[in-house]
Structures are given as C-alpha cells and as structure tokens.
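Take 571 as the starting number for the sequence shown in the numbering used here and just add one per residue. No residue lacks a Cβ here, since even glycine has one placed at the ideal position from N, Cα and C. Below you'll find the structure, written out as structure tokens, and then a few comments.
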Amino acid sequence: MRNQPKTAIIGTQYCAPATHPVVLIVTKDISLKYNFTIKDINKNVVFKVKSPLATILTPRQHRFLYDANGNLILHLQESVCS
C-alpha cells in the first residue's frame, strides 16, 4: 500500500502538502441549525458547513460543506445505526 499513489476523496484543488501550519477559526452561526463558518487567520471565509432544519427532526444527520464561493464540496450523512 505504501507504493500506491494517493487518492483524494475531496477535489485536489482543496488539498495541498502540509508545508506550514494552517490556522482556521470555526464559528457556529446563531440559529436552530448546525451551521458553521470556517475562516482563515485574515478572517476570509474558507468553508461553510450547513445543515437543513429538517436534519434536527430526522434520525439522519446531514451536513453540507461548501467552499468560499458557495460550491458544494461534500455531503455527509450519519448512518441510522450509528
């Protein structure tokens, strides 16, 4: 497995070698939903995490990760059995 090329699950434009520490600030938005804003040290939005209000009322938890331009990167869904 060590000789196999790395495979990115998320688009390669969001991946970079760790050449220096990255400082991110995570802020929970004030609402009934589980929404978060992730900013860099200069307070620029890097990512947003959003969940629909219906997620609170259903057994499956959904989270959507968006880039700074509002493009959907990832949809996470919790298993009912977990």
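- The C-beta distance from K613 to F634 rounds to 22 Å, too long to fall under 8 Å, and the pair is not in contact.
- Closest option to D610, judged by alpha-carbon separation, among T597, P622, S601, K603: T597.
- With a contact defined as Cβ atoms closer than 8 Å, L642 and I580 miss out at about 11 Å.
- Contact between Y636 and F617 holds, with the beta-carbon distance rounding to 7 Å and staying under 8 Å.
- In this structure, the beta-carbon distance from V615 to A586 does not fall below 8 Å.
- Nearest Cα to D599 within the set Q647, I608, N573: I608.
- Secondary structure in the stretch 586-618: the beta strand (DSSP E) runs of 3 residues or longer, each lying completely within the stretch, are 594-598, 606-610 in chain order.
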